[in-house]
Amino acid sequence: MSCFTSKERTTMLKKSLMLACALFASNAQASWPNSADRLSKKLVFAEYHPWVATPTVDGFWARWNETGHKPNLNDVESMFWPLDGLYSEGDCAAIKSQAVDLNGNVTAAGIDVLIIDWVNVYQNEQQRVEKILSCTTTPAVVMVDQNWTVTPSFQEVITRLETVIGWYASKPDLYPTYYRDPASGAPVFIVFDPGAAGTTAQWNAKIDYYKTLSPKGIFIAGLSSNTSAAWVLASHFDGAIQLAGKTAASDESSYESTLSVLYGPGSRNQFLIGEAIPGFDDSANCYSTSPVLDRQAGVVFDTKWSGLLTTNWNGHKLDGAYVMYNNDGEGAGIEPASPIPPTRAPGFESCDGKISNRYKTYAPLPATYYLDRNAFWANQFRISP
């Protein structure tokens, strides 16, 4: 966590952006914006959430108690119980332990880069973003996610993005693990569903400005209901992330459809990152109407990953792969789950009978199965032509 006050940080942020702008594009590639700036190698990303907090670490509950759940009754907004119990992303020890899960030397998931999903909804969330950046040993980027923001606005999203650009990515002494492309030195920035907050014209004006900074960044848009492949093609974003479908089938055809847009008429050579999920169960979100996708003892994960490797549209393939780590509420993560979880005590929130007092497990698979399986597929992806 930064030791600077909010006012000091704002002042330094403005100075950082002004200084970077003064260095203006002497080293900028002349090809942009006619051709997008690209990642220099295939990467495997894991989305990582700074949402959860506990009274022991933070003085309050966050995320675990959402939609009426009662953590004091072993009742949390998740269908799985974490192997190491409830934790806070404000706890450096927990963050370091999870970094070992993701890219350690023994049992690890083969992750190259964390995507810290900053939704700006939860109490003290920004402090936990900074704690993760400070404590993790895994390279990380921050995704500015407005998808859950109650009233998304262009200025609010831009303020957060400029905090990432001018603070987290520009202060290697404070945040040494912020990911920069090894070939260009460009930091990577992600905005999820930017079309919900602004028009392509608004975003293009901002990205045109950010591309004058040194080093200029690589900007990625998350596809969603307000941000289509056609929207990205018309924008000055360099690439896109596309989420997996919530069915047991491969998403190969969906990714190829997106590639056909990005590499079709008017192409700027933008790249695509595709997602693999092991399953989906948002039942513990009492307001969810999403269908449940059973994990089928690892079959779904293998199917989704296989589709990432075989995606090919006219010779164009995926430049990155993407999984969830601690997607606590939706049951789509690869985080180790307890094989002997507690039961929800009497008085728990049953979401109108949608959930029982028993948590799911990965049985008959071991608790760390999805870390190991992801490592296998990540290696296959990186060595694939």
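With mature numbering (1 follows the signal peptide of the UniProt record, and there is no 0) as the guide, the letters of the sequence shown map in order to residues -30 to -1, 1 to 355.
Glycine included, C-beta positions come from ideal geometry on N, C-alpha and C.
All values derive from a computational prediction rather than experimental measurement.
Cα-Cα separation between T107 and E59, rounded to whole angstroms: As a first step, residue 107 must be located in the sequence shown, where it is residue number 137. As a first step, residue 59 must be located in the sequence shown, where it is residue number 89. When rounded, the separation of the alpha-carbon atoms in T107 and E59 is 14 Å.
Could you name the residues of the same chain whose beta carbon sits closer than 6 Å to that of E17, not counting the 5 residues immediately before and after it, in chain order? By one-based count along the sequence shown, residue 17 stands at place 47. I85, D87, M294, listed in sequence order.
Would you mind sorting Y57 into buried or exposed? The rule is 16 or more other CB atoms within 10 Å of its CB. Against the sequence shown, residue 57 aligns to sequence position 87. Buried, by the Cβ-count rule.
Can you give me the start and stop residues for the beta strand (DSSP E) that A110 sits inside? Position 140 of the sequence shown, counted from the start, is the residue given in the question as residue 110. Here the beta strand (DSSP E) through A110 covers 110 to 115.
With a threshold of 7 Å on Cβ separation, who are the neighbours of residue 356 within its own chain once the five nearest residues in sequence on each side are excluded? Since the first residue shown for the chain is -30 and the last is 355, residue 356 is missing from the structure and cannot be characterised.
If we ignore side chains and look at the alpha-carbon of each, how far apart do F351 and V127 end up? On the sequence shown, position 381 is the one that residue 351 refers to. On the sequence shown, position 157 is the one that residue 127 refers to. Cα-Cα distance, rounded: 32 Å.
Close Cβ partners of Y145 (< 7 Å) along its chain, the five nearest in sequence each way excluded: For the purposes of this step, residue 145 is identified with residue 175 of the sequence shown, where counting begins at 1. Cβ contact annotation for Y145 (same chain, cutoff 7 Å, sequence separation greater than five): L103, S104, Y138, in chain order.
Return the chain-ordered ranges of every alpha helix (DSSP H) run that is complete within the region 85 to 153 and spans a minimum of 4 residues. Within the region 85 to 153, the runs of alpha helix (DSSP H) at least 4 residues long that lie entirely inside it are, in chain order, 95 to 105, 124 to 133.
Applying the 10 Å Cβ sphere with the 16-neighbour rule, what's the burial state of N(-4)? Translated into positions along the sequence shown, residue -4 becomes position 27. Summary for N(-4): the model assigns pLDDT 38, below 50, so the residue's position carries little reliability; its value from the coordinates is reported in the next sentence. The residue is exposed, with fewer than 16 neighbouring Cβ atoms inside 10 Å.
Checking the sheet assignment: what are the DSSP bridge partners for Q212? Residue mapping note: residue 212 aligns to position 242 of the sequence shown, counting from 1. Under DSSP, Q212 takes part in a beta bridge, and its partners are G244.
Is the number of C-beta pairs between the region 9 to 29 and the region 223 to 230 that are closer than 8 Å three or more? Short answer: they don't touch.
With a 10 Å radius around its C-beta and 16 neighbouring C-beta atoms as the bar for buried, classify P142 as buried or exposed. Here residue 142 corresponds to residue number 172 of the sequence shown, with the count starting at 1. Label assigned to P142: exposed.
Alpha carbon of T280 to alpha carbon of G165, nearest angstrom: In the sequence shown, the residue the question calls residue 280 occupies position 310. In the sequence shown, the residue the question calls residue 165 occupies position 195. Approximately 29 Å between the Cα atoms of the pair.
Specify, as a first and last residue, the run of the alpha helix (DSSP H) that E222 falls within. Within the sequence shown, the letter at position 252 stands for residue 222. DSSP places E222 inside the alpha helix (DSSP H), whose first and last residues are 222 to 232.
In the DSSP assignment, what residue or residues form a beta bridge with K330? As a working note, residue 330 is residue 360 in the sequence shown. Answer is F50.
Residue closest to P312, alpha-carbon to alpha-carbon, out of P248, W347, V46, T129: For the purposes of this step, residue 312 is taken as residue 342 along the sequence shown, with counting starting at 1. Checked all of P248, W347, V46, T129; the closest Cα to P312 is V46.
C-beta atoms of W34 and P41 nearer than 8 Å: Taking the sequence shown and counting its residues from 1, the one referred to as residue 34 is at position 64. Taking the sequence shown and counting its residues from 1, the one referred to as residue 41 is at position 71. Against a cut-off of 8 Å, the Cβ pair of P41 and W34 comes out as a contact.
Check each candidate in R98, Y148, F159 and name the one with the smallest Cα separation from E132. As a first step, residue 132 is located in the sequence shown; it is residue number 162 there, counting from the start. Residue F159 is the option with its Cα nearest to E132.
Can you tell me whether P164 is helix, strand or coil according to DSSP? Here residue 164 refers to the residue found at position 194 of the sequence shown. When DSSP states are grouped into helix, strand and coil, P164 belongs to the helix group.
Helix, strand or coil for W275, going by three-state DSSP, please let me know. Reading the sequence shown from its first residue, position 305 is the one you call residue 275. In the three-state DSSP reduction, W275 falls in the helix class (H, G or I).
Where F241 falls, given that 16 or more other Cβ within 10 Å makes a residue buried: As a first step, residue 241 must be located in the sequence shown, where it is residue number 271. F241 is buried by the Cβ-count criterion.
Three or more C-beta pairs below 8 Å linking the region 284 to 291 and the region 248 to 263: Put simply, the region 284 to 291 does not touch the region 248 to 263. Fewer than three CB pairs are less than 8 Å apart.
May I ask you to report which of helix, strand or coil DSSP gives A6? Indexing the sequence shown from 1 puts residue 6 at position 36. In this structure, A6 counts as coil in the three-state DSSP scheme.
Paired residues, beta bridge with E17 - DSSP: Position 47 of the sequence shown holds residue 17. Beta bridge pairing from DSSP links E17 with I85, M294.
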